[in-house]
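Numbering-wise (the working numbering), the sequence shown opens with residue 2 and increments by one.
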Amino acid sequence: MLNNSIHYRAGNLFADEISIEEIAEQVGTPVYIYSLKRMLHNLERIRSAFSVLKPEIHYSAKANANLAVLKTLVQAGAGIDAVSAGEIHKALLAGADTAHIVFAGVGKTRDELRYALEKQIGWINVENVGELESIQELAVLTDRKQVRVALRLNPDIAAPTHRHIATGHGAAKFGLSIQTVRELLRRQDDFPNVSIEGLHIHIGSQLHDTNATRQAVETVLEILHPYPTIRTINIGGGLAVAYSAEEPIPSWDDFGAAVTPLLKDYQVILEPGRSVIADAGLFVISVLYTKEQGGEHLLITDGSMAELIRPALYEAHHMIVPVADYKRDKRLYHVVGPVCESADALGHNIEIQATVTNEKLAVLTAGAYGMVMSSNYNQRLRPPEVVISPDGQSWQVARQRETWADLVSHEQ
Ligand code: LLP
2 MLNNSIHYRA GNLFADEISI EEIAEQVGTP VYIYSLKRML HNLERIRSAF
52 SVLKPEIHYS AKANANLAVL KTLVQAGAGI DAVSAGEIHK ALLAGADTAH
102 IVFAGVGKTR DELRYALEKQ IGWINVENVG ELESIQELAV LTDRKQVRVA
152 LRLNPDIAAP THRHIATGHG AAKFGLSIQT VRELLRRQDD FPNVSIEGLH
202 IHIGSQLHDT NATRQAVETV LEILHPYPTI RTINIGGGLA VAYSAEEPIP
252 SWDDFGAAVT PLLKDYQVIL EPGRSVIADA GLFVISVLYT KEQGGEHLLI
302 TDGSMAELIR PALYEAHHMI VPVADYKRDK RLYHVVGPVC ESADALGHNI
352 EIQATVTNEK LAVLTAGAYG MVMSSNYNQR LRPPEVVISP DGQSWQVARQ
402 RETWADLVSH EQ
């Protein structure tokens with residue numbers, strides 16, 4: 002969606018002080034563009050929504066792991082939520098303080114755990130009994146006396162979101178059941194080199210109400226009641242972002258207000274991903290062909306599901322707007338890509354001004370779970386990523402467009 006940073010000036014789309022047309026002309030399309038100013042503004046809005054709790058904010062790198070994005074957030078005081086050794090590696094390259102990195106994930110390998118221990122990563126969020134046993138063993142092997150962990154609780158609560166991104170219901174693969182968490186808390190002496198200092202929940206992403214989160218926090222508090230020395234609660238991510246004006250979502254202040262009274266006496270960690278970067282990002286594409294077929298208007302673009310898979314994978318809706326708005330009459334378009342799959346669409350029945358070949362479009366709210374989920378399907382080249390500086394005045398290519406050499410670099 003449009004916002005203070007992503008806006009029109011005299012019919013031309015801008016990100017802060019920079020014309021999108023200018024970037025697209027110089028770098029080519031398809032291209033991802035991120036406003037670091039909007040991203041930092043989002044971080045501040047989250048801080049203010051939870052201000053009473055003074056939470057530690059660990060940005061969830063899975064949403065967008067571009068190094069320029071990570072570095073900017075780290076400089077603004079964010080820690081990092083990492084779900085693989087690769088994400089830890091990038092967090093360290095971005096300058097994150099090891100104490101403010103959390104290593105989470107449902108299936109950490111032994112090598113990854115060893116790497117995290119050797120790097121003295123601040124927290125490990127544990128999701129399996131076997132994982133806790135491995136951490137104990139590896140702690141002895143790597144001479145670590147007190148590895149700090151949080152147990153990830155699966156509170157068995159259905160989150161109000163798309164089924165693919167709900168994680169807190171009982172049948173989900175994520176977290177430990179209430180019963181297992183209680184048992185591990187009773188058995189803390191079996192893990193002498195591990196210090197259980199917190200509980201972690203993340204019931205889903207793009208949460209459409211605050212009740213499920215409040216309920217999950219209440220479950221955590223009840224479990225922790227007999228253990229007054231455990232003082233940290235990590236409430237995960239999930240703050241929702243409006244992908245269209247009609248999408249009814251709670252504000253971040255609503256989320257803050259829902260949990261603040263419950264968590265006042267705890268050290269709180271938040272792991273926002275989408276809310277930090279989604280509406281700071283655009284995916285800019287060009288129209289290759291127009292087609293009228295079966296009574297439908299198609300715009301065939303140089304962007305596809307290989308670069309932005311959310312519409313194909315989740316039937317996610319993104320607004321698509323012209324880079325230059327000539328205020329022509331609007332019509333309903335299917336905006337599709339060149340990939341050989343019927344699912345390859347960036348949007349269906351999108352109302353856009355009558356559009357012709359070579360004109361550019363911007364897919365909005367594409368900063369999160371866009372580039373990170375891209376692939377080389379159909380041997381397409383991953384697009385470049387451009388960042389606009391925090392003062393909004395200048396831009397640079399933060400990641401180059403891939404080349405044919407990249408396509409074969411691991412096959413030689
Ligand atoms: N913490 C944990 C443990 C998570 O699993 C996630 C996201 C987050 C934090 C960050 O959640 P956020 O603030 O972004 O809602 N690819 C999907 C979203 C997958 C979310 C996975 N976990 C999409 O494009 O909608």
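Glycine is no exception: its CB is placed at the ideal position from the N, C-alpha and C atoms.
In the three-state scheme derived from DSSP, where H, G and I count as helix and E and B as strand, R232 is classed as coil. Looking at the backbone, the Cα of P56 and that of I202 are separated by about 15 Å.
Between I47 and W253, the CB-CB gap stays under 7 Å. In the same chain as V70, and ignoring 5 residues on each side of it, the C-beta atoms closer than 8 Å to its own belong to Y35, L37, M40, I278, V388, A399, in chain order. In this structure, the straight-line span from the alpha carbon of D330 to that of T162 is close to 35 Å.
Under DSSP, P323 forms a beta bridge with L362. In this structure, G368 and G304 do not form a Cβ contact; the two beta carbons are roughly 15 Å apart against a cut-off of 8 Å. Per the Cβ contact rule, the region 243-252 is not in contact with the region 161-177 (fewer than 3 Cβ pairs under 8 Å). Sequence-distant partners of H298 (beyond 5 residues in either direction) whose C-beta falls short of 6 Å from its own C-beta, in its chain, are R332, Y334.
Between V288 and L300 a beta carbon distance of about 5 Å is seen, short of the 8 Å cut, so the two are scored as contacting. Under the three-state reduction of DSSP output, D255 falls in the helix class. N43 and D392 have their alpha carbons spaced roughly 15 Å apart. At least one heavy atom of the ligand LLP lies closer than 6 Å to the C-beta of Y370. G205 places its beta carbon 7 Å or farther from that of I234.
Taking each of A86, E138, I136 in turn and checking the Cα distance to E113, the smallest one comes out for A86. Contact annotation: the region 120-139 does not touch the region 210-229, with fewer than three C-beta pairs closer than 8 Å. Straight-line measurement puts the Cα of A105 at about 20 Å from the Cα of I158.
Assigned with DSSP and collapsed to three states, R311 falls in helix. Burial is judged here by how many other beta carbons sit within 10 angstroms of a residue's own beta carbon; L94 has fewer than 16 and is exposed. DSSP, reduced to helix, strand and coil, places V28 within a helical segment of the structure shown. With a cutoff of 6 Å, G87 does not count as near the ligand LLP, since its C-beta is closer than that to no heavy atom of the ligand.
In terms of Cα proximity to E272, the closest of T291, Y290, T30, I236 is I236. Taken from the Cβ of S206, at least one heavy atom of the ligand LLP lies inside 6 Å. Closer than 6 Å to some heavy atom of the ligand LLP: that describes the Cβ of R311.
The three-state secondary structure of A95, taken from DSSP, is coil. Apart from the 5 residues on each side of it in sequence, I21 sits with its Cβ closer than 8 Å to the Cβ of N13, L14, F15, I34, L283, V285, V324, K361, A363 in its chain, given in chain order. Excluding residues up to 5 positions away in sequence, T99, A100, H101, I102, V103, R149 lie with their Cβ nearer than 7 Å to the Cβ of G123 in the same chain. Partner residues in the beta bridge of Q268, as assigned by DSSP, are T233. Boundaries of the alpha helix (DSSP H) harbouring A213: 212-225, taken from the DSSP string. If you draw a 10 Å sphere on the C-beta of P156, you find 16 or more other C-beta atoms in it, and that means buried.
When distances are taken from the beta-carbon of I250 to the heavy atoms of the ligand LLP, even the shortest one reaches 6 Å or more. In this structure, DSSP gives I102 an extended state, which the three-state scheme calls strand.
For Y116, the enclosing alpha helix (DSSP H) covers residues 111-119.
In this structure, A62 lies near I81, with their beta-carbon atoms less than 7 Å apart. In this structure, L225 keeps its C-beta atom at 7 Å or more from the C-beta atom of M2.
Taking L154 as reference, the option from K109, N126, S376 with the minimal CA-CA separation is N126.
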